[in-house]
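In the working numbering, the protein residues as written are 343 to 1181.
Positions of the beta carbon are idealized from the N, C-alpha and C atoms, including for glycine.
No experiment lies behind these values; they were computed from the predicted model shown.
Everything below concerns the one structure shown next.
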Amino acid sequence: MRRWLKSTAFFIIAVIVVIALGAAALMIRLSLKPLSLGPFSDQAAIFINDLYPDFAVDFSRAALFWNRDENRLEITLSDVALSLVDESGDENDAKLPSLIIYCEASALLQGQFRPLNIIIEEADVRIGWSAQRLDALLRGESRATDVAESADKNADDGALDLEMPALLKTVIDQLTDEVSPDAPFSSLVQLEIKSAHIELQERPSGVIWTIPDAALQFRRAGEAQLNVNGQGQIIANNKGPAGAISFEGRVFGKDGRRQFDARLTDLRLPALARGIDKLAFFLGLEMPLSTDLHLDLSAKPERTLAIMLDLRAGSGALAISPWYDAPRAFDELAASLLYDSKSRLLEVTGLSARFAQTELFLSGQVMPGRKGPPAINLKGGFSQLRVQDLAEYWPNDLSSGARRWIAENMPKGRLHDGNLILNLKAADWQAESLSNEQFSLNFKFEKLEAHVLRPMPPILDASGEGTLSARDLMLQIKGGAADGLPVAGSQVHLYDFDQPGPQMASIALKVEAPLPDILRLIDYEPLGYTTSFGLEADRLIGDGQLVAQLDFPLVKELSLDDVGIDVQATVQKLAIPDLFAQKPLEDGNLDLHIDRYGLKAAGTARLGAADLDIIWKENFSAEDGALSSDFTITSSFDRAILANLFFDPAPYFSGTGKAEITLQGRGPEIEKGQVALNLDDAILAVEPLGWHKPAEMAATSSFSIDFSDEDQIHFEQIRMQSPDGALSGSIDLAGDGRFLSADFPLWRMGKTDISARLSMKDQAYILDVDGKSLDLRGLLKSLGARLGSPDQSSAQTADEQPIEPYPLPLIWKGLWRWMVSVFMIWLFPAAMMGRLCGL
């Protein structure tokens, strides 16, 4: 018996030793390389199905490997088929090439299966989403629907629908939820998918984005907290790469907060947006985009979304409607944005664009509208921009006429120090016009070349300040030159951007320069004023200030008839040498106004000793053959002035008079004129006829001049009127100024009442006089003075006392006619009565 007991004990010990040695050998074997379970695979499948009764698991091979360093057992299943039947009866089947489960070796020896990590070699993940629903969330229209979780798979409310292997879904649920220690995956720390095929389908359009080989990792970071990270290439509609993504997410419980950080590189937005109406805005963004994105979705039931976005777009082109219908080259776009859906406020901490050697920068706030356009409050500016690039990058929907005019007429120049204000409420987008407080871009410019009206000389090297608004563009020129003349104070105004009709231009060209230079400037076509007025710029002296106002529509085909021209000019110190009687016009000061209908000038000047008031009018719309020019000159005169300009009027005139001279013609070619004299303050005396007009006795005189005949000058309608005198008649001169004839049918002065005609024949003057009476007392008195006092001068002025050495008055009355030539005197009395007195 004792011997049997010894044998039995030895056997048991031997078995234990053998088992221990076998287990040790097995563990050593398992630690060296995976051990295939071979025929025990079916028992392993039954064991797993017993552990997870909700799953139906099948696999072709199973292998074990013991990691001695971490004391964990690795179970590798190949060609795994998983299926799950949920409460609704729907099946979720998945086939996995490989499934690796890491579990606690010590727990397995105790009969407990406590998985720590699960590695899936390949898996398919499908996510359904809606751009329309995402847009609504950004507008703050819904907070109750979770965009990060599946709701009803068949609902079209835009929530994300997630479709993945049942095991993966169950594991994620347990990683994000508080579960009992007895739950199958309560010990699980990490789930890893080495190669996930992720498919994102936008529901309404059916557009599919894929990440064909994404690495995903789900890791429990704390109580009911799941960390997710992954990376991969993005394919759009199976047509090629559209970028790369690496991301990390954090999920705090099933209904808790979600955080998501992603870095996207070389993103091609047009490829992603094609076919999705809500993303049509991005179709024209042909620039590789890199971005850092942070999403923070609050816990239910609020589900508000906060977004932090830093993005950079590399060199490419933009063609975004309605601003650019054709691509515009951009070197870089960058933005730093912060959005909160609860307040519906987008904070633009930095937005910049580099293009055409300039940088545009903005910051401010944007509030998306719930069902309309956003409210915007942005401020910023730009460093510098060439004018030709301004025309290139000018938005299409902001006055195409102004953009075209700038492109055609401003070939050079640089804008700098720009300041932008954009302050729009949602309702302002529908307003007919925006004020400068709502939208304006202020800037400075230099080295600008502007062709204000071709073929006039352009403004060169212009500098100044400008303002662009939704209504207009205003350029205030502070420096520059046109045809070498300074144009400081000029301005270019393009306006009516907000009106349905053609936009307009209003250009004020201001010039201060010597008068000859200004005359040369306004002689360029299409003005041509200097030549039209018959002026010779080099003969004129003086200073001028000119403001030429040009108004015209900004249309493709512009005719001169469409151009409104209004010129305001001031001439100072005007001088014209040898203007009249070898006397210069001096100290001229004129104000001129010229428009497309005519010219009007008014001012003062001095001709010799006479001070003149001048009015000059030109009618540009005069009919053919009509006189277009009209000059009115008024002046006061006395004996000295008449002697200076014409001849010494003594002894016939003294005192003062006033003259108004009106001349008509075509420019400098005068054809007609009228002269009106006010002689109220003049002293007139015609001593041979014994007639005197004292001062303060009313008297007027007038006559007209006709230069239309090249061979003769006609002085017509000569009239003089006073209480005791009247005169009417005409005088004809040759074209060179020689006297031809004079005819006075009425000559009444005092006692004299005659008609007279003076003509020239055979180089002799012939005087023909008819009348009722002829007072010769003055003539005889003058003859008596000569005969009786040869020492005294016979030239008696109107201011001197009459000389009466011998009273010899003689009055002829009756019908008579006499003729006088320089050689003979004929007297033909028809009926004569004489009375001789004083002898």
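Open item on the list: Please list the terminal residues of the continuous alpha helix (DSSP H) segment that includes Glu750.
Closed with: In the DSSP assignment, Glu750 falls within the unbroken alpha helix (DSSP H) covering Ser742 to Asn751.
- [ ] Taking only the alpha-carbon atoms, compute the straight-line gap between Ala557 and Pro507 and give it to the nearest angstrom.
- [x] About 16 Å.
- [ ] Output the boundary residues of the alpha helix (DSSP H) element that contains Asp731.
- [x] Boundaries of the alpha helix (DSSP H) around Asp731: Val729 to Tyr735.
Open item on the list: Suppose you measure from the CA of Gly873 to the CA of Asp865; what does that come to, to the nearest Å?
Closed with: The residue asked about is misnamed: residue 873 is Thr in this sequence, not Gly. When rounded, the distance between both Cα atoms is 6 Å.
Task: Three-state secondary structure assigned by DSSP to Thr487 - done: Low confidence applies to Thr487: its pLDDT is 44, below 50, so where it sits in the model is not reliable enough to give any reading.
Task: Stretch pair the segment 794-802 + the segment 768-784: three plus CB contacts closer than 8 Å - done: Contact between the segment 794-802 and the segment 768-784 is absent: fewer than three C-beta pairs spanning the two stretches fall below 8 Å.
Open item on the list: Just verifying my parser: in three-state terms, what is the DSSP assignment at Asn413?
Closed with: Here Asn413 carries a coil assignment [DSSP, helix/strand/coil].
Task: Ile860 in three-state terms, based on DSSP - done: Reduced to three states, the DSSP call for Ile860 is helix.
Task: C-alpha distance - Ala365 paired with Gly470, whole-angstrom precision - done: Note on Ala365: pLDDT 47, under 50, position unreliable in the model; no value is reported.
Task: Gln1059 in three-state terms, based on DSSP - done: Looking at Gln1059 - three-state DSSP - the assignment turns out to be strand.
Task: Residue from Ile540, Pro868, Asn986 and Asp885 with nearest C-alpha to Asp937 - done: Selected option, being the one with the closest Cα: Pro868.
Task: Span of the beta strand (DSSP E), counted from its first residue to its last, around Thr691 - done: Note, Thr691: beta strand (DSSP E), Leu687 to Phe697.
Open item on the list: Quick check on Leu1122: does DSSP put it in helix, strand or coil?
Closed with: Leu1122: helix per DSSP, three-state reduction.
- [ ] Please classify Glu965: is it buried, with 16 or more other beta-carbons within 10 angstroms of its beta-carbon, or exposed?
- [x] Here Glu965 is exposed: its Cβ has fewer than 16 other Cβ atoms, across all protein chains shown, within 10 Å.
TODO: Report the three-state DSSP secondary structure of Phe1081 (helix, strand or coil).
DONE: Note: Phe1081 maps to strand in three-state DSSP.
TODO: Just mark Asp503 as buried or exposed, buried being the case when its beta carbon has 16 or more other beta carbons within 10 Å.
DONE: Per the 10 Å Cβ criterion, buried.
Open item on the list: Can you tell me whether Phe894 is buried or exposed? The criterion is at least 16 other CB atoms within 10 Å of its CB, across all chains shown.
Closed with: Buried.
Open item on the list: Per DSSP, what are the beta-bridge partners of Ala717 in this structure?
Closed with: The partner list for Ala717 (beta bridge, DSSP) reads Met709.
Open item on the list: Within 10 Å of its beta-carbon, does Leu932 have 16 or more other beta-carbons around it, so buried, or fewer, so exposed?
Closed with: With at least 16 other beta carbons inside 10 angstroms of its own, Leu932 counts as buried.
TODO: Pull up the distance between the alpha-carbon of Arg485 and that of Leu688, whole angstroms please.
DONE: Low per-residue confidence applies at Arg485: pLDDT is 45, beneath 50, and the placement is therefore not dependable enough to give any value.
- [ ] Count the other C-beta atoms from every protein chain shown that fall within 10 angstroms of the C-beta of Ala968, then say buried if there are 16 or more, exposed otherwise.
- [x] With fewer than 16 other Cβ atoms from the protein chains shown falling within 10 Å of its own Cβ, Ala968 counts as exposed.
TODO: Taking 7 Å as the cut-off, decide whether the C-beta atoms of Gly884 and Val913 are in contact.
DONE: Yes, these two residues count as a Cβ contact at 7 Å.
- [ ] Give every residue of the same chain whose Cβ lies closer than 7 Å to the Cβ of Gly658, excluding the five residues on either side of it in the sequence, and list them in chain order.
- [x] These residues qualify, in order along the chain: Glu628, Met629, Pro630 and Phe672.
Task: Sequence-distant residues of the same chain with beta carbon closer than 6 Å to Leu533, five excluded per side - done: Within the same chain, Leu533 has close Cβ partners Ile460, Val513 and Phe560.
Task: Leu476 (DSSP reduced to helix, strand or coil) - done: Here Leu476 sits in helix by DSSP.
TODO: Enumerate, from N- to C-terminal direction, the unbroken alpha helix (DSSP H) stretches of 4 or more residues contained entirely within the segment 778-865.
DONE: Taking only runs of at least 4 residues, the alpha helix (DSSP H) segments lying wholly in the segment 778-865 are 857-863.
Task: Member of Phe1057, Lys536, Phe703 and Leu1088 whose CA lies at the smallest distance from the CA of Leu675 - done: If we check each option's Cα against that of Leu675, Phe703 comes out closest.
Open item on the list: Between the alpha carbons of Gly930 and Leu827, how many angstroms are there, rounded?
Closed with: Taking the straight line joining both Cα atoms gives about 22 Å.
TODO: Indicate whether the contact test is met: 3 or more Cβ pairs, each with one atom in the segment 874-881 and one in the segment 900-908, closer than 8 Å.
DONE: Touching, no.
Task: C-beta contact flag for Ile587 and Ile577 at 7 Å - done: Going by C-beta atoms, Ile587 is not nearer than 7 Å to Ile577.
Task: Below-7 Å beta-carbon distance, Ile462 vs any chain D residue - done: Given the protein chain composition of this structure (a single chain), no chain D is represented.
- [ ] Please check the pair Leu790 and Met752, which I expect to be a contact at CB under 8 Å, by giving their CB distance rounded to whole angstroms.
- [x] Contact holds; Cβ gap of about 7 Å.
Task: Closest Cα partner of Ser805 within the set Ser811, Gln818, Gln891 and Val794 - done: Nearest C-alpha to Ser805: Gln818.
- [ ] Would you tell me roughly how many angstroms separate the C-alpha atoms of Gly296 and Asp759, rounded to the nearest one?
- [x] Residue 296 lies beyond the residue range present for the chain, which begins at 343 and ends at 1181; the question has no answer from this structure.
Task: Start-to-end residues for the beta strand (DSSP E) that takes in Tyr871 - done: The continuous stretches of beta strand (DSSP E) do not include Tyr871, which lies in the alpha helix (DSSP H) extending over residues Tyr871 to Ser874.
Open item on the list: Need the endpoints of the alpha helix (DSSP H) that Ile983 sits in, please.
Closed with: It spans Arg981 to Leu987 - the alpha helix (DSSP H) in which Ile983 sits, taken as one unbroken run.
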